[in-house]
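Those letters in the sequence shown? Residues 10 to 161, by our numbering. Working notes for the structure below.
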Amino acid sequence: MNNNALPITVKFVLPDHYSQWLVYWLQYQEFYNVDLSEEVTLKTWARFFDENEPMYCAVALENDKVVGFVNYLYHRSTWAENHFCYLEDLFVSPKVRGRQVGKHLIEFVHEQAQKQACGRLYWHTQETNLRGQRLYDWVAEKPGVIEYRMPL
Numbered sequence: 010m011n012n013n014a015l016p017i018t019v020k021f022v023l024p025d026h027y028s029q030w031l032v033y034w035l036q037y038q039e040f041y042n043v044d045l046s047e048e049v050t051l052k053t054w055a056r057f058f059d060e061n062e063p064m065y066c067a068v069a070l071e072n073d074k075v076v077g078f079v080n081y082l083y084h085r086s087t088w089a090e091n092h093f094c095y096l097e098d099l100f101v102s103p104k105v106r107g108r109q110v111g112k113h114l115i116e117f118v119h120e121q122a123q124k125q126a127c128g129r130l131y132w133h134t135q136e137t138n139l140r141g142q143r144l145y146d147w148v149a150e151k152p153g154v155i156e157y158r159m160p161l
């Protein structure tokens, strides 16, 4: 770890963060080999600031510069009285990896889910995301769930 590095803070995203968030959003898509339309990106961004949407974004900041983000949402469940929190997207700049930025972002979502009295915080990752899995194995349990999808 670089001892000269500034501390990382995690805060809810602000509209002024868009251009910095977008850089990492596009890198995140590239990592997962997807190419979301500009319309989807703009709709996603707008949802973060719509009080009627249960979707949120937080950013990791170093000296007021975005170095990572986490997108999450709340939804109902048939398995609990309270909502569940789904951590949908997590990305950290390669320049600051290894400094627990991802852990701080997950902890931020964990705190928000606790404030909302959620019954569960969960997320998925690709089998090939080995670096992410090392972090996830450190901070959470793996329940052995397998995901299936059908095209619509």
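The beta-carbon is built from N, C-alpha and C at its ideal position, and this holds for glycine as well.
Pro-152 and Gln-38 have their C-alpha atoms spaced approximately 26 Å apart.
Its Cα nearest to that of Gly-128, the residue Ser-86 stands out among Gln-142, Ser-86, Met-159.
Inclusion of Val-76 and Val-32 in the CB contact set at 8 Å is not warranted, their separation being larger than that value. For Thr-18, the uninterrupted beta strand (DSSP E) run begins and ends at 17-21, by DSSP. As the crow flies, the alpha-carbon of Thr-53 is around 23 Å from that of Asn-138. Between the alpha carbons of Gly-107 and Arg-143 lies a gap of roughly 11 Å. Boundaries of the alpha helix (DSSP H) harbouring Tyr-27: 27-40, taken from the DSSP string. Going by DSSP, Val-75 is part of the beta strand (DSSP E) stretching over 74-84. Looking only at Val-43, Gln-36, Gln-29, Phe-93, the smallest Cα-Cα distance to Ala-67 is reached by Gln-29. When C-alpha distances from Lys-74 are compared across Pro-16, Ser-46, His-119, His-133, the shortest belongs to Pro-16. C-alpha of Ala-122 to C-alpha of Cys-94: approximately 6 Å in a straight line. Spatial neighbours of Ile-115 in its own chain (CB-CB distance under 6 Å, excluding positions within 5 residues in sequence) are listed in chain order as Val-148. Gly-111 and Val-118 have their C-alpha atoms spaced approximately 11 Å apart.
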